[in-house]
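See below for the structure under consideration.
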Amino acid sequence: MADASSFYITTPIFYVNDVPHIGHAYTEVATDVLARWNRQAGRDTWMLTGTDEHGQKILRTATANGVSPKEWADKLVAEAWKPLLDTIDVANDDFIRTTDERHEANVQKFLQKLHDDGHIYTGEYEGYYCVGCEEYKQPSELVDGTGEYEGQLVCAIHSKPVELLHEKNYFFRMSAFQDKLLELYESRPDFVQPESARNEVVSFVRRGLEDLSISRSTFDWGVKVPWDETHVVYVWFDALLNYVTATGYGQDEAEFARRWPAQHIVGKDILRFHAVIWPAMLMAAGLDVPRGVFGHGWLLVGGEKMSKSKLTGIAPEQITDTFGSDAFRYYFLSAIHFGQDGSFSWEDLAARYQAELANGFGNLASRVIAMIGRYCDGEVPTGGEQSAADLEIVSIEREATDAAWAAIERLQIHDAIASVWTLVDALNGYLTAEEPWALAKDPHQRERLETVLATAYHGLGTLAVLLSPVLPKATAKLWSALGADGAVDAQRIDRAHEWGIGSRVSALEPLFPRVEVAE
Ligand code: ME8
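Okay, here's the thing in structure tokens:
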């Protein structure tokens, strides 16, 4: 098991049936911010993301497009899923595809072990299958279709008809793990977060666990079951294993021991797979369960979960082309309480961009640097005796650093940003109260002017360090304008207020320029 200085964090691996929308990008940026923060706190951090490429959903899409599923997946990964990471500035350490050899071979090893140890048997199942979810559904999860699906049962999530399937499959004895899972949720209350997600998972497991069908035999796009090549592994059983195959399970035990277990960040739609099925699979194989599972909320459009299948998907570039990747990251992570649903609107995005990023933070940075340029010839002043107001800024720097770090440890990203913003607001208030532009007009106030600018300068450096996981591009520019050494993301974030001072500032272009928003 990895030691306390190790931090392994994952996103779900996304289906390649379609291109990404801002819901997928939201999970990516949240995970990336947590990874960057931990990396900057000196932890041995690893962020994994990737794509889920097997199963009927991908097979059908590829067939409808007249290509093989592998060709389809290659195209989508190269043209859409990998470019997404650049669009939103994600610094992942690895990208796994379920068609990678390192994955497929070790899925077979895992399955063979479960088979050898008696966790798998042959059985029959009849039930309603949703290809959108790639899951058998309980009758309570279905609703009556309307419009073109009138008279049919549809999946409540996808609003598409389910299919009645009857198959002879291999089954995983998941029911045997019911008590162990309940003990896990009891002994580690933070295992499933947030609280609402935990409650849902606990009551689901208390109602009784069924065994799980883990193979399919009516199509062959998947990993072959090692002892019976007429079956492929159920796509979810295959996909969940990415988290261990990507970090050496079955082939590099040292790497695996260094990384595992992971903190999983997922949308609440796939909570049960991660918080019930996945830990049961790991328990059966004698491996450690994950460090935790965080189920975040949905981005809603018109009050419904935004999705491509319902044609409400918004492409991330629609936002980043106008506002930039930093604003994308900041907006979704500060405006939505991490763990709850949030409605996206262009008006809200534009308003927060202007008020918080352009006027609140960007303008503060430009003003302080311009004043040091104008009044001190670009030399960073050392300042004289500190007043109560100066000392108050120093203590807010320390408090914001501690509070942000504590919030990140609880995965409360919006709280962390709010804590950092107390320093943005305090510095803006400080400048308004101290009026350095007025002090500059009075030669007797020279020392006071320098002290105020030195204090504001130090506050900006602290902000650059604290905000670098969320705003990597803007803070790198600010850091260089502050004349500070090294790279901003190499500064210890848990001690952001102790950053080393530079000696000369240089001109800073507006960090968040005015944008013209089309109607
Ligand atoms: O479920 N709001 O992949 P998927 C917020 N391959 N997040 C959203 C969202 C929305 N409206 N829509 C999608 C799968 N997401 C499986 C996962 S993991 C072993 C296998 C995000 O392509 C959110 O993270 O359907 C959700 O859980 C995920 O995309 C589903 O992606």
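Each number in the working numbering corresponds to the 1-based position in the sequence shown with 494 added. Don't be surprised by glycine CBs; every beta carbon is placed ideally from N, CA and C.
Residue i: buried (16+ other C-beta within 10 angstroms of its C-beta) or exposed?
i: residue 581; result: buried
i: residue 622; result: buried
i: residue 721; result: exposed
i: residue 532; result: buried
i: residue 800; result: buried
i: residue 640; result: exposed
i: residue 563; result: buried
i: residue 932; result: exposed
i: residue 923; result: exposed
i: residue 714; result: exposed
i: residue 615; result: exposed
i: residue 710; result: buried
i: residue 747; result: exposed
i: residue 588; result: exposed
i: residue 505; result: buried
In the DSSP assignment, find the unbroken alpha helix (DSSP H) run with residue i in it and report its ends.
i: residue 812; result: 810-817
i: residue 530; result: 516-534
i: residue 841; result: 840-846
i: residue 906; result: Careful: residue 906 lies outside any alpha helix (DSSP H) and carries neither H nor E.
i: residue 729; result: 729-734
i: residue 869; result: 857-870
i: residue 648; result: Per DSSP, residue 648 belongs to no alpha helix (DSSP H); it is in the beta strand (DSSP E), 647-649.
i: residue 795; result: Element bounds for residue 795: not the alpha helix (DSSP H) but the beta strand (DSSP E), 793-795.
i: residue 966; result: 966-975
By the three-class DSSP mapping on this structure, what secondary structure does residue i have?
i: residue 985; result: coil
i: residue 953; result: helix
i: residue 540; result: strand
i: residue 672; result: helix
i: residue 743; result: coil
i: residue 511; result: coil
i: residue 581; result: helix
i: residue 887; result: helix
i: residue 716; result: coil
i: residue 1019; result: The structure shown has nothing for residue 1019, since the chain only spans 495 to 1013.
i: residue 930; result: helix
i: residue 708; result: coil
i: residue 677; result: helix
i: residue 1005; result: coil
i: residue 802; result: coil
i: residue 586; result: coil
i: residue 506; result: strand
i: residue 726; result: strand
i: residue 637; result: strand
i: residue 576; result: helix
i: residue 631; result: strand
i: residue 497; result: coil
i: residue 682; result: coil
i: residue 854; result: helix
i: residue 919; result: helix
i: residue 945; result: helix
i: residue 876; result: coil
i: residue 701; result: coil
i: residue 546; result: strand
i: residue 837; result: strand
Since I believe residue j is in contact with residue i (beta carbons under 8 Å), could you give me their beta-carbon distance rounded to a whole number of angstroms?
i: residue 977; j: residue 962; result: That belief does not hold up - the Cβ atoms of residue 977 and residue 962 are roughly 17 Å apart, past 8 Å.
i: residue 759; j: residue 910; result: Actually they are not in contact, since the Cβ atoms of residue 759 and residue 910 sit about 15 Å apart, beyond 8 Å.
i: residue 754; j: residue 738; result: 6 Å
i: residue 546; j: residue 507; result: 4 Å
i: residue 664; j: residue 719; result: 6 Å
i: residue 905; j: residue 950; result: 32 Å between Cβ atoms; not a contact.
i: residue 522; j: residue 539; result: Actually they do not touch by this definition, with Cβ atoms about 16 Å apart.
i: residue 982; j: residue 959; result: 6 Å
i: residue 941; j: residue 878; result: 4 Å
i: residue 526; j: residue 819; result: Not quite, the Cβ-Cβ distance comes to about 11 Å (not below 8 Å), so this is no contact.
i: residue 913; j: residue 897; result: 4 Å
i: residue 821; j: residue 847; result: 5 Å
i: residue 786; j: residue 685; result: 6 Å
i: residue 636; j: residue 649; result: 7 Å
Would you mind reading off the limits of the beta strand (DSSP E) that contains residue i?
i: residue 768; result: No beta strand (DSSP E) contains residue 768, which DSSP labels as neither H nor E.
i: residue 623; result: 614-624
i: residue 568; result: Residue 568 -> not in any beta strand (DSSP E); alpha helix (DSSP H) instead, spanning 563-570.
i: residue 788; result: 786-790
i: residue 664; result: 657-666
i: residue 759; result: 757-761
Please confirm whether any heavy atom of the ligand SAH lies closer than 7 Å to the CB of residue i.
i: residue 634; result: No copy of the ligand SAH occurs in the structure displayed; its ligands are the ligand ME8 alone.
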